[in-house]
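K.L.:
Going down the list, the protein sequences come from chains A and B.
Position 134 (the first sequence) corresponds to 117 in the working numbering; numbering is contiguous.
Position 398 (the second sequence) corresponds to 381 in the working numbering; numbering is contiguous.
Protein chains: 2
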Amino acid sequence: MNGAQSLIQTLVNGGVSVCFTNPGTSEMAFVAAVDRVPGMRTILALFEGVATGAADGYARMTGVPACTLLHLGPGLGNGIANLHNARRAHSPLINIVGEHATWHQKYDAPLASDIHALAGNVSGWIGTCTTPHGVPRDAVNALIAARRPPGQVATVIFPGDCMWTESSSPLPAPDLIPPAHVDPATIDHVAVMLRQAQARGEPTALYAGGPAWTAHGQELVSRIGQAVGARVFGHRFSPRGARGVGIAQLTRLAYPIPQAQKQLEGIKHLVMVGVTRPVGFFGYPNLPSELQPADCAMHTLAALNEDVIGALEALADALHAPRTVANRNSFVAPDLPTGDLTIEKIWLSLAAQLPEGAVISDEALTSSLASDDWMSAAAPHDWLAVTGGSIGQGMPVATGAAVACPGRKIINMQADGSAMYTIQSLWTQAREQLDVITVVFNNRKYAILQSEMKAIGLEVGPKAHDMLRLDSPTLDFVSLARGMGVPASRATTQDEFNRALAIGLHETGPRLIEVLT
Amino acid sequence: MNGAQSLIQTLVNGGVSVCFTNPGTSEMAFVAAVDRVPGMRTILALFEGVATGAADGYARMTGVPACTLLHLGPGLGNGIANLHNARRAHSPLINIVGEHATWHQKYDAPLASDIHALAGNVSGWIGTCTTPHGVPRDAVNALIAARRPPGQVATVIFPGDCMWTESSSPLPAPDLIPPAHVDPATIDHVAVMLRQAQARGEPTALYAGGPAWTAHGQELVSRIGQAVGARVFGHRFSPRGARGVGIAQLTRLAYPIPQAQKQLEGIKHLVMVGVTRPVGFFGYPNLPSELQPADCAMHTLAALNEDVIGALEALADALHAPRTVANRNSFVAPDLPTGDLTIEKIWLSLAAQLPEGAVISDEALTSSLASDDWMSAAAPHDWLAVTGGSIGQGMPVATGAAVACPGRKIINMQADGSAMYTIQSLWTQAREQLDVITVVFNNRKYAILQSEMKAIGLEVGPKAHDMLRLDSPTLDFVSLARGMGVPASRATTQDEFNRALAIGLHETGPRLIEVLT
Chain A
-16 MNGAQSLIQT
-6 LVNGGVSVCF
4 TNPGTSEMAF
14 VAAVDRVPGM
24 RTILALFEGV
34 ATGAADGYAR
44 MTGVPACTLL
54 HLGPGLGNGI
64 ANLHNARRAH
74 SPLINIVGEH
84 ATWHQKYDAP
94 LASDIHALAG
104 NVSGWIGTCT
114 TPHGVPRDAV
124 NALIAARRPP
134 GQVATVIFPG
144 DCMWTESSSP
154 LPAPDLIPPA
164 HVDPATIDHV
174 AVMLRQAQAR
184 GEPTALYAGG
194 PAWTAHGQEL
204 VSRIGQAVGA
214 RVFGHRFSPR
224 GARGVGIAQL
234 TRLAYPIPQA
244 QKQLEGIKHL
254 VMVGVTRPVG
264 FFGYPNLPSE
274 LQPADCAMHT
284 LAALNEDVIG
294 ALEALADALH
304 APRTVANRNS
314 FVAPDLPTGD
324 LTIEKIWLSL
334 AAQLPEGAVI
344 SDEALTSSLA
354 SDDWMSAAAP
364 HDWLAVTGGS
374 IGQGMPVATG
384 AAVACPGRKI
394 INMQADGSAM
404 YTIQSLWTQA
414 REQLDVITVV
424 FNNRKYAILQ
434 SEMKAIGLEV
444 GPKAHDMLRL
454 DSPTLDFVSL
464 ARGMGVPASR
474 ATTQDEFNRA
484 LAIGLHETGP
494 RLIEVLT
Chain B
-16 MNGAQSLIQT
-6 LVNGGVSVCF
4 TNPGTSEMAF
14 VAAVDRVPGM
24 RTILALFEGV
34 ATGAADGYAR
44 MTGVPACTLL
54 HLGPGLGNGI
64 ANLHNARRAH
74 SPLINIVGEH
84 ATWHQKYDAP
94 LASDIHALAG
104 NVSGWIGTCT
114 TPHGVPRDAV
124 NALIAARRPP
134 GQVATVIFPG
144 DCMWTESSSP
154 LPAPDLIPPA
164 HVDPATIDHV
174 AVMLRQAQAR
184 GEPTALYAGG
194 PAWTAHGQEL
204 VSRIGQAVGA
214 RVFGHRFSPR
224 GARGVGIAQL
234 TRLAYPIPQA
244 QKQLEGIKHL
254 VMVGVTRPVG
264 FFGYPNLPSE
274 LQPADCAMHT
284 LAALNEDVIG
294 ALEALADALH
304 APRTVANRNS
314 FVAPDLPTGD
324 LTIEKIWLSL
334 AAQLPEGAVI
344 SDEALTSSLA
354 SDDWMSAAAP
364 HDWLAVTGGS
374 IGQGMPVATG
384 AAVACPGRKI
394 INMQADGSAM
404 YTIQSLWTQA
414 REQLDVITVV
424 FNNRKYAILQ
434 SEMKAIGLEV
444 GPKAHDMLRL
454 DSPTLDFVSL
464 ARGMGVPASR
474 ATTQDEFNRA
484 LAIGLHETGP
494 RLIEVLT
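Spelled out as structure tokens, the structure:
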């Protein structure tokens, strides 16, 4: 058994069954080995950012790592942006990065570069294989590292000869590190503090992210809030949330700093669970970086690597929180909107038609600012949010979610500018016949940057204005989709959109709807 | 004058007049400043790999750096692959990478990452700006670094507040470091060695790259070869070469190691000029990394950071080399090929129709293996070759070359798989109405990997075979081009190709021709 075969068998033993690939010469032994070792599905991407983003989406939906297969430093480089997002999502993920054969490395051949330095930018753990016999051990270490709570990107660099040379036997699935339990003293401290603040009439708030965004987690946070009269907020950039009818849906902190400050106004104690302190996405002149009031005391109930749900349950018990939740989303039979096409109506049409258990990959950015409200009356669904802010995430994450969840409808709500970073995703969706509907909001501009210019206080002259426009020429996403084998249509009225969406929801397989907004 | 304005003015003073941009929030002050400081043309790309590759193409054609404007770590990450190629091309290039405002960096906001580590993979020099008043000095250091012989990638990280805050005055153009002169003793040593080897009947060869690939450089190498009966070879991956009628065109060392070994068989002395020792692109089982015979002595006439042309002139004088060159390409009135479409006929059609002074960006890979032969009877032209081997180079380099050389026709001979890494280049070509004809060889596979599998000795099973195919679905480059505003057509016969190329050469502006081979 050569190194590549032993690697794949060890990964399969450890529960990894999908590899998103974009290989080159140095990874050919891995590619050949897939025919010799059963159990690893390989999914080809035309660009590495699709592969890494898909692995992120897959991990968010399964909790289990997929692996990627990347070609040397440049291949990893192309995957960096979505690995950055995966890092912020705390997605378990294993990068298999090829390297020149061990004896060839000293020659500084054209494709040689400092892979380790690149990997360091995004990886919680990096391994470098040095002998064929070390391959299965390196694979096991990557499996353990990727699933170290709360999950992280693990990168292993494999020289070509370690892959094609005879290796040692594959290893069994390793024991994983469980999440740490929260000290009962911490639970008590937070419970006492919340009670005392309530007694003194001091406003408090809970701020939740990570596993607290599950339906169960949001319910626990809401019950605790009710028990002590605390406001409850969610982290805007958590990887996966539950939303829709029946969910005790948390309000997310706003993106603009002044709006988030307003939400937290007057709070004297902020309890963080599954999240770090709330900070601005960017720094701005004359605005603080931290969002809470200056005199607000900060308390951590559970960090992301701890048992977040267990801590919430213990706190709810300690506070004798009510069993019923007041703010659960209720069902409002939504009418299909009609008339002129607007962003709001597009979302409301989706809410009205969404099947239960759908998954929404949301990178609509400025076209999604109020989507939590618009989607609250939809059938319960999961949504996958922007995490690290590196755009080009929505389409790959939708691709990976579709691989992870056959039988569930995936909807990718997608901004136009962001779509163009990883537009190659559509080809993989067509090749694998993934059940993804992509809705592209073609507003023909980098709308978010136009508002950021104002937020920084900059004057926008004609050349600057030109740098934020995408209308010369206007992108034609219907042609782009067709070029990659995905059926597509353009909606210019609300009725056209309703109909196109209905068809997409009725059929299976990839489809793109372009809306001019 | 704020930091961004002082930065741009200093760059303009230093001869930088083009910025390939893909900015985000942290770079908005730079974008706004372009309207306040004249002299910097900004060219928007939809993906950072287009911006960095275009800066490489621009530098290859002008010798002068363009700058890029990139958004934090992920933006730089997306640009890494083509910066790798630019590094191998020794292209002078300045990356302006935005960073969070200085006071905001400690909060580890979602987009924070280790930019310096990423930049290290590709940069010969890295600067990090820490105060607004330091901006012009950082810009000057980047100008000096980028043009340090033979040219390199210089990266400067600018926090947002250093850009939008009042800064010090712009600085004038700095003095640049000239290339080092080659020691006359080295010239003498090589001259004596070549003469002695000739006297002893020992085969010798010259191996040339970098500036030796100009028309003048190739002529000097050829004259020296004639003087001492040495074989002459060129480095396969030099950034820019002169080719066509009237050029003393050097034969490049082959990509497959056994073929290159055959070319160098029996050589006892190899003289390197503007190049390092010849090594395999990859390491393979049972093949050496070094291409020259084991008993071949290696001599360096001039390294890339030295005055390569001066050294060749001195050596030619020392050897009293003949003034006339025997192996100059001669004109053979080429007929337009007809009938079935083949790779060879496509190139011969190009050779027959090529206008003098055209520039060819060649990333056709397996469809380009014999292009030096096919293009030798074409009108004299420049060609821009693959340098670092990170695919997705051809279209951005063509884009940058077109910006650098208005009035010259740019032809991008492009493989299909590679095209898809930076296909967004077409939109920038449409937006700027660049005079680029893209010929896409749509062979519906990663052909090069299919041969690499065999070279490594691996058996290709059905799943592996599937990973090297691009025919499910087949990419439709005509639709992709139209989606980005570039007129396009598909040629299925040689006559159709001849005609499409003739139209493209007659008109100006971007155009794509897809050939099914």
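Virtual Cβ for every residue (Gly too), placed ideally from N, Cα, C.
Predicted model only: the values in this text are computed from it and were never measured.
Quick one: what's got a C-beta closer than 6 Å to B:L348's C-beta in the same chain, skipping five residues either side?
P.N.:
For the purposes of this step, residue 348 of chain B is taken as the residue at position 365 of the second sequence. Closer than 6 Å at Cβ, skipping near neighbours: A398 and I431.
K.L.:
Identify whether B:K328 lies in helix, strand or coil by the three-state DSSP scheme.
P.N.:
For the purposes of this step, residue 328 of chain B is identified with residue 345 of the second sequence, where counting begins at 1. B:K328 falls in the helix class under three-state DSSP.
K.L.:
Is the number of C-beta pairs between the region 364 to 378 of chain B and the region 51 to 69 of chain B that are closer than 8 Å three or more?
P.N.:
yes
K.L.:
Can you tell me whether DSSP reads B:C50 as helix, strand or coil?
P.N.:
Here the question's residue 50 of chain B lines up with position 67 in the second sequence. Of the three classes helix, strand and coil, the one that applies to B:C50 here is strand, per DSSP.
K.L.:
Taking the beta strand (DSSP E) that A:A137 falls in, what are its first and last residues?
P.N.:
To locate residue 137 of chain A, count along the first sequence from 1; it is residue 154. Counting along the chain, A:A137 sits inside the beta strand (DSSP E) bounded by residues V136 to P142.
K.L.:
Consult DSSP for B:F3 and reduce its assignment to one of helix, strand or coil.
P.N.:
Taking the second sequence and counting its residues from 1, the one referred to as residue 3 of chain B is at position 20. It is a strand residue.
K.L.:
For the alpha helix (DSSP H) that B:S344 lies in, which residues bound it at each end?
P.N.:
If you number the second sequence from 1, residue 344 of chain B lands on position 361. Not the alpha helix (DSSP H): B:S344 falls in the beta strand (DSSP E), residues V342 to E346.
K.L.:
Quick check: B:H116 and B:S150, are their CB atoms within less than 7 Å of each other?
P.N.:
One-based indexing of the second sequence puts residue 116 of chain B at position 133. One-based indexing of the second sequence puts residue 150 of chain B at position 167. Cβ distance < 7 Å, so B:H116 and B:S150 count as in contact.
K.L.:
Based on Cα-Cα distance, which residue from B:R306, B:V262, B:R70 and B:Q433 lies nearest to B:P276?
P.N.:
Taking the second sequence and counting its residues from 1, one reaches residue 276 of chain B at position 293. With distances taken between Cα atoms, B:P276 lies closest to B:V262.
K.L.:
Quick check on the DSSP output: what are the complete beta strand (DSSP E) runs of length 3 or more inside the region 270 to 312 of chain A, in order along the chain?
P.N.:
280 to 285
K.L.:
Could you give the distance in angstroms between the alpha-carbon of A:N533 and the alpha-carbon of A:D39?
P.N.:
Here chain A covers residues -16 to 500 and nothing more, so residue 533 of chain A does not appear.
K.L.:
Would you call the region 223 to 242 of chain A and the region 193 to 200 of chain A touching, i.e. three or more CB-CB distances under 8 Å?
P.N.:
yes
K.L.:
Determine, using beta carbons only, whether A:V118 and B:K446 come nearer to each other than 7 Å.
P.N.:
Looking up residue 118 of chain A in the first sequence gives position 135. Looking up residue 446 of chain B in the second sequence gives position 463. Against a cut-off of 7 Å, the Cβ pair of B:K446 and A:V118 comes out as no contact.
K.L.:
Does the beta-carbon distance from B:P379 to B:S408 come in below 7 Å?
P.N.:
Within the second sequence, residue 379 of chain B is the residue found at index 396, counting from 1. Within the second sequence, residue 408 of chain B is the residue found at index 425, counting from 1. Yes, these two residues count as a Cβ contact at 7 Å.
K.L.:
With C-beta atoms as the reference, is A:N481 less than 7 Å away from A:S332?
P.N.:
Stepping through the first sequence from its first residue, residue 481 of chain A is reached at position 498. Stepping through the first sequence from its first residue, residue 332 of chain A is reached at position 349. Contact annotation: A:N481 and A:S332 have beta-carbon atoms nearer than 7 Å.
K.L.:
Only counting the same chain, and skipping five residues up and downstream in sequence, which positions put a Cβ closer than 6 Å to that of B:A243?
P.N.:
Along the second sequence, one-based indexing puts residue 243 of chain B at 260. Cβ within range, chain order: L236, A237 and L274.
K.L.:
Relative to the alpha-carbon of B:G58, which residue among B:G36, B:P6 and B:M23 has its alpha-carbon at the smallest distance?
P.N.:
Within the second sequence, numbered from 1, the residue matching residue 58 of chain B stands at position 75. If we check each option's Cα against that of B:G58, B:P6 comes out closest.
K.L.:
DSSP has B:T475 in a bridge; who is on the other side?
P.N.:
Walking along the second sequence from the start, residue 475 of chain B turns up at place 492. Its beta-bridge partners do not exist; DSSP assigns none.
K.L.:
Which residues, in chain order, does the region 370 to 382 of chain A contribute to contact with chain B at a C-beta distance below 9 Å?
P.N.:
T370, G371, G372, S373, I374 and G375
K.L.:
A:K328 and A:Q477 look like a contact to me (Cβ under 8 Å); what is the Cβ gap, rounded to whole Å?
P.N.:
Within the first sequence, residue 328 of chain A is the residue found at index 345, counting from 1. Within the first sequence, residue 477 of chain A is the residue found at index 494, counting from 1. Contact holds; Cβ gap of about 5 Å.
K.L.:
In the DSSP assignment, find the unbroken beta strand (DSSP E) run with B:F216 in it and report its ends.
P.N.:
Along the second sequence, read from residue 1 onward, the residue named residue 216 of chain B stands at position 233. Where B:F216 is concerned, the enclosing beta strand (DSSP E) stretches over R214 to G217.
K.L.:
Cβ of A:G32 within 7 Å of Cβ of A:T405?
P.N.:
Translated into the one-based positions of the first sequence, residue 32 of chain A becomes position 49. Translated into the one-based positions of the first sequence, residue 405 of chain A becomes position 422. Cβ atoms of A:G32 and A:T405: closer than 7 Å.
K.L.:
For A:I439, decide whether its Cβ has a neighbour in chain B, counting only Cβ atoms nearer than 7 Å.
P.N.:
Position 456 of the first sequence holds residue 439 of chain A. So yes, A:I439 belongs to the interface.
K.L.:
Under the rule that 16 or more other beta-carbon atoms within 10 Å means buried, what is B:A84, buried or exposed?
P.N.:
Here residue 84 of chain B refers to the residue found at position 101 of the second sequence. Under this definition B:A84 is a buried residue.
K.L.:
Of the residues B:L154, B:T113, B:G492 and B:S106, which one's Cα is nearest the Cα of B:V123?
P.N.:
For this step, residue 123 of chain B is matched to residue 140 along the second sequence. Comparing Cα positions, the closest option is B:L154.
K.L.:
What residues are listed by DSSP as bridge partners for A:L367?
P.N.:
As a working note, residue 367 of chain A is residue 384 in the first sequence. Bridge partners of A:L367: A:R223 and A:S344.
K.L.:
For B:W86, which residues in chain A fall below 7 Å Cβ to Cβ?
P.N.:
Here residue 86 of chain B is taken as the residue at index 103 of the second sequence, counted from 1. Here the neighbours are G266 and S272.
K.L.:
Indicate whether at least one CB of chain A lies closer than 7 Å to the CB of B:I109.
P.N.:
Your numbering for residue 109 of chain B matches position 126 in the second sequence. Chain A, which has no Cβ nearer than 7 Å to the Cβ of B:I109, makes this no.
K.L.:
Which residue comes first and which comes last in the alpha helix (DSSP H) that contains A:M436?
P.N.:
Here residue 436 of chain A is taken as the residue at index 453 of the first sequence, counted from 1. Under the DSSP assignment, A:M436 falls in the alpha helix (DSSP H) whose first and last residues are A430 to I439.
K.L.:
Taking the alpha carbon of A:S350 as the reference point, which residue from A:A95, A:R120, A:S455 and A:S434 has its own alpha carbon closest?
P.N.:
Taking the first sequence and counting its residues from 1, the one referred to as residue 350 of chain A is at position 367. When each option's Cα is compared against that of A:S350, the closest is A:S434.
K.L.:
Run through the region 379 to 466 of chain A for me and flag every whole alpha helix (DSSP H) of 4 or more residues, listed as ranges in chain order.
P.N.:
399 to 402, 408 to 414, 430 to 439, 445 to 450 and 460 to 466
K.L.:
Check the DSSP bridge columns for A:D323 and list the partner residues they point to.
P.N.:
The residue given as residue 323 of chain A occupies position 340 in the first sequence. Answer is A:T476.
K.L.:
First and last residue of the beta strand (DSSP E) that includes B:L253?
P.N.:
Here residue 253 of chain B corresponds to residue number 270 of the second sequence, with the count starting at 1. Residues H252 to V256.
K.L.:
Starting from A:I(-9), follow the alpha helix (DSSP H) in both directions and report where the run begins and ends.
P.N.:
The residue given as residue -9 of chain A occupies position 8 in the first sequence. G(-14) to N(-4) is the span of the alpha helix (DSSP H), which, as asked, contains A:I(-9).
K.L.:
Kindly indicate if chain B contains any beta-carbon less than 7 Å away from that of A:I63.
P.N.:
Residue mapping note: residue 63 of chain A aligns to position 80 of the first sequence, counting from 1. Closer than 7 Å to some Cβ of chain B, the Cβ of A:I63 qualifies, so yes.
K.L.:
For A:I207, does the three-state DSSP call read helix, strand or coil?
P.N.:
Here the question's residue 207 of chain A lines up with position 224 in the first sequence. Looking at A:I207 - three-state DSSP - the assignment turns out to be helix.
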